[in-house]
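Using my numbering, the first residue of the sequence shown is number 3, and each one after it goes up by one. All residues carry an ideal CB built from backbone N, CA and C; glycine is no exception. Values in this document were obtained by computation on a predicted structure and should not be read as measured data. Working notes for the structure below.
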Amino acid sequence: MGACLAWGAEVHVAPGANLQTIVNRSPAESEFVLAPGVHRAEQIRLRNGDTLRGEIGAALIGSFFLSNVSDVEIRELRLSSPLRDCIQVSGSSGVRIRASEIGPCVGAGVVIHGSRMLVLTDNYIHPEHPVSHCCDEGDGVYAVDSTQLRIAGNVIAYGETNIEMHGVADADVVGNFLLNPMGPYPRGQHVQAYFGSHDIHIEGNYLLSSKSPEYAFPEHQEDAINAGRSTSITVTGNFITGGSSPSGCGVIADEGAHSMMIVDNTLWNTGQCGIGIASGRDHQIVGNKVRNAFLNHPGAGNTAIYVWRQYPGDCGPVRLSGNTAFARKPTGEFSSLWIGQPSCEPVTVTQNVFGERALDALPNEVLEALRPAIPPGPQHCVAASPFSTNPERRCMDADTEGQGPSAPVRSRAAVSQSP
């Protein structure tokens, strides 16, 4: 079975030990501590109240299946899976995954089904599992029919979609750095909320899509943030840059999305448009900064903001107020706002800055000064990713008591500061 020392509820596990057997034979609500070295386990099942963490230099090759458990914590762990999703959570509550590195995975990074009160903080999640067809076999985080989720302070890279939510209620997606969603369409979002999701709060994130060779996988972004068949989605204070889809936008209210609040975001060269309203009732676009260069593609709309009833059903009212928005078509024509036909009614447009005045107000240096640190909102420590630039204490530091995963599985180039 391998070496194991146990005292009280703390169980130390040496490389080569049978981790699942040790879990099964230990008292309830134990804390399992993986010693430095490589541990292997095909699929680990923890019990109510268990904690599993890694010491500096510990790595686990395997996966977790957390089914019908409560108050389980995984922290300070380096995890990769050569066979399946790295972590699956089903029918559980109070699961916390923090200060860990998750990936690469042959599947998604974290999959959540029918669970509540789940917390993902300060992790580096990078499934790196390219897929050839839709859908949701390689997402960073994939949540279905779940409530009370908090996804905060993470670095999430190279997902089919980085955060995909279906039928999710009461979720906070805050302070994360999201990099290069890989698709294919209809995935390829940084964050997508669909199929009955509601009360989703997306705030203070840094979303970057780039085809730079510095990155292991280039972006294949469709929309950076997309909501459809959902209600009460708030998108506020995010920095969104990059994207090259001739049909994609930075933020879009897609088919059947209602009551979206798109407020105080910065969008910079995010595809064929910055913000799009394509469907739904009661949308507000307030105080955003949008600057888009044109895409030289015959199908690209090339506009900063559009409002257009693209789908059957209700569309409107829509309020646009206090935005500064600029885009230019290949002809050189300004296109800050396009209201298509059939339109959404009514559309109220007040106190916006468009056209050349917006261009003067949004030079590149102004936008560059708004670029956040990576990740922008660490919760307890800075995710141990090769992209992290936030000067606060890193999770991987040995001095970070109770907070330290080991170095990344594969080194990456420093993050590029341009899309």
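- The beta carbons of P319 and P348 sit closer together than 9 Å.
- Taking the CA atoms as reference points, A363 sits about 9 Å from K291.
- The residue among I89, L85 and S82 with its C-alpha nearest the C-alpha of L48 is I89.
- For N325, the secondary structure class from DSSP, reduced to helix, strand or coil, is coil.
- Counting only runs that start and end inside the segment 79–111, the beta strand (DSSP E) elements of at least 3 residues fall at 80–83, 89–92, 98–100 and 103–107.
- Under the DSSP assignment, D362 falls in the alpha helix (DSSP H) whose first and last residues are G357 to A363.
- Under a 10 Å Cβ-count criterion, Q353 is classified as exposed, with fewer than 16 other Cβ atoms of the shown protein chains found around its own Cβ.
- In this structure, the CA atom of C137 is about 26 Å from the CA atom of S95.
- Contact between the segment 385–401 and the segment 336–343 is absent, with fewer than three C-beta pairs closer than 8 Å.
- As a beta-bridge residue in DSSP terms, G282 pairs with C317.
- In the DSSP assignment, K291 forms a beta bridge with T268 and T326.
- DSSP, reduced to helix, strand and coil, places L21 within a helical segment of the structure shown.
- Boundaries of the alpha helix (DSSP H) around E367: N366 to A371.
- Residue pairing from DSSP places C275 in a beta bridge opposite C251 and T305.
- Assigned with DSSP and collapsed to three states, N228 falls in strand.
- Beyond the five residues adjoining it in sequence on each side, R86 comes within less than 7 Å, by CB distance, of S65, V108 and G109 in the same chain, given in chain order.
- Listed in chain order, the non-local C-beta contacts of H299 below 6 Å within the same chain comprise P248, local neighbours out to five positions each way being set aside.
- When DSSP states are grouped into helix, strand and coil, R152 belongs to the strand group.
- Counted as a single uninterrupted DSSP element, the beta strand (DSSP E) harbouring M167 occupies residues I165 to H168.
- If only complete runs of 3 or more residues are kept, the segment 133–218 shows the beta strand (DSSP E) at 143–146, 149–154, 157–159, 165–168, 171–176, 179–181, 193–196, 200–205 and 208–210, in order along the chain.
- Going by beta carbons, T123 and I153 fall inside the 9 Å limit.
- Minimum Cα-Cα distance from H128 among the listed residues A145, R100 and L181 corresponds to L181.
- By the Cβ rule, the segment 223–237 counts as touching the segment 192–210, because three or more pairs are nearer than 8 Å.
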